[in-house]
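Chains as they are written, first to last, in my numbering: chain A, 4 to 168; chain B, 215 to 559.
Below, the structure written as structure tokens:
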């Protein structure tokens, strides 16, 4: 349990550093470390597959792309657009609303079902695959369509309009 | 964990680490010897017999060179760059099975540091992490050439990781496991090697491995003609050596992965027909595995002195428009073949 508290402390610490870092590149690097602590959390829960996938997808791919874009833009303090106080207040209110929603949904959350309770082996690849491709097949496929939609949208945005070309 | 196991694993880690560094060290000499051979000249032959002490001389030179951290560089990240590159290169060998069990007295030793059941994915994660070393170093140098090199390295690495992953999925469909130990154990003898059922997958994996190691013809991140020296242009002394060393270690790890995944790892023909005891099979198996690895390292060098460097748009076109569709086709073909085999045979 003490390992959990230590890692949880690190998660929160680096998450805060992500927000308070002055330079965008440092911010992304702190976010990378935050994701790494999440991976450690998954390993503590014996969810090996989730841990390694979180490692590959978030740390290895998404964060590299973030870093890539930030390095190309070369953002620094001088070029950063200043936000008015109104925008800051709106941001705080929106964030708190999200927090209240999350807290509310966690309060009514009930952990049920034979897969979720008392089975510490569920996070291993074989078990996870069996559950994903039988019981949760429909949600799994729908989420893949969601990703496909996002990809098509991104390609459409990046594509030049033939009239302007 | 009991202390005996801890001691056993520690010894294994140290041995694997020493062998990795030794091979990486001598790869630098072999590379220049191979270059000499390909270009009809001698290569380094002054330091010791056949130039065998050349890597030691190089190492000593690197240590005594002046260390320069540019005034405009971000100091902490500048140091972190080569550290990460070296660290990720070294930890990836943890899941490779070097051999079968070795029995000494009553005790059975496994010649693999960690048999985790997501071994293949672990390698992927570490490879994905490796690009941070280059990116952070390139950005922290505060030099436009270094930055361009870093950005190129990142986009190249992400592009070819996809092809590599897709080519491996076809392999995993056949083996049915993510554990490297089981994948190698399945390829017993000679006819069971995965290369016979996955030739296309191996070809894609090979090309992607070259790109992930930043080797010619895919060394766009350090393309001298366009970028002076690429991401490591501001580095000097041992930090530069770390970057170059990490590249050789990556080459060694990729070679051992290819040997383990497609060429049977420690398995060799007629291994159980010769009437050898288990220990001898294990020892010969380890030697065979290293022979395969060295053959792949030679192949890496052979390509380097044969094929010219790609242009950047050609590199991206090869990755996205040729390798990825090929890999997807390979997955579909593998799926069809598996179903046909299950139904009719």
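We put the beta carbon where it would ideally sit given N, CA and C, even for glycine.
query                                                                                                                 : result
Of the listed residues 479/B, 407/B, 324/B, nearest to residue 219/B (C-alpha basis)                                  : 324/B
contact_flag[the stretch 354–364 of chain B, the stretch 35–49 of chain A] where n(CB pairs < 8 Å) is 3 or more       : no
C-beta neighbour in chain A for residue 345/B, strict 8 Å                                                             : yes
Environment of residue 335/B [buried if 16+ CB atoms lie within 10 Å]                                                 : buried
Distance CB(residue 426/B)-CB(residue 374/B) smaller than 8 Å                                                         : yes
Nearest residue (CA-CA) to residue 64/A, options 367/B, 527/B, 391/B                                                  : 367/B
4 or more residues per run - each alpha helix (DSSP H) lying fully within the stretch 309–366 of chain B              : 333–354
Against chain A: residues of the stretch 362–384 of chain B by CB proximity under 8 Å                                 : 364, 365, 368, 369, 371, 372, 375
Proximal chain A residues relative to residue 349/B, where beta-carbon distance stays under 8 Å                       : 67, 70, 71, 74
Three-state secondary structure (DSSP) of residue 49/A                                                                : coil
Contacting residues, own chain, Cβ-Cβ under 8 Å from residue 100/A (five flanking each side not counted)              : none
Inter-residue CB distance, residue 474/B and residue 398/B (contact presumed, cutoff 8 Å)                             : 5 Å
The stretch 335–350 of chain B contacting the stretch 503–521 of chain B, beta-carbon criterion three pairs below 8 Å : no
Boundaries (first-last residue) of the alpha helix (DSSP H) holding residue 72/A                                      : 66–76
Contacts of residue 338/B in chain A (Cβ-Cβ under 7 Å)                                                                : 59
Within 8 Å, strictly: CB atoms of residue 343/B and residue 353/B                                                     : no
Anticipated Cβ contact below 8 Å, residue 376/B with residue 544/B, distance rounded                                  : Incorrect: roughly 13 Å between the Cβ atoms, too far for contact.
C-alpha distance - residue 163/A paired with residue 388/B, whole-angstrom precision                                  : 42 Å
Cβ neighbour criterion (16 or more within 10 Å) applied to residue 313/B                                              : buried
Under the three-state DSSP convention, the category residue 386/B falls into                                          : helix
Terminal residues of the alpha helix (DSSP H) in which residue 162/A lies                                             : Here residue 162/A belongs to no alpha helix (DSSP H), and DSSP marks it neither H nor E.
Contact with chain B by residue 63/A, beta-carbon distance below 8 Å                                                  : yes
Within chain A, the residues that residue 238/B reaches when beta carbons sit closer than 8 Å                         : The premise fails here: residue 238/B is roughly 23 Å from chain A at the closest Cβ pair, so nothing lies under 8 Å.
Nearest residue (CA-CA) to residue 240/B, options 466/B, 440/B, 480/B                                                 : 466/B
Min CB distance residue 52/A to chain B below 8 Å                                                                     : yes
Contacting positions in the stretch 322–335 of chain B - beta carbon closer than 8 Å to chain A                       : 330, 331, 332, 335
Among 272/B, 287/B, 309/B, 277/B, the one whose alpha carbon lies nearest that of residue 471/B                       : 309/B
Nearest candidate by alpha-carbon position, reference residue 497/B, set 481/B, 468/B, 558/B                          : 481/B
7 Å CB neighbourhood of residue 409/B in its chain, flanking five on each side removed                                : 416, 476, 477
Residues in the stretch 390–412 of chain B having any Cβ partner in chain A nearer than 8 Å                           : 392
Uninterrupted beta strand (DSSP E) stretches inside the stretch 262–318 of chain B (no shorter than 3 residues)       : 315–318
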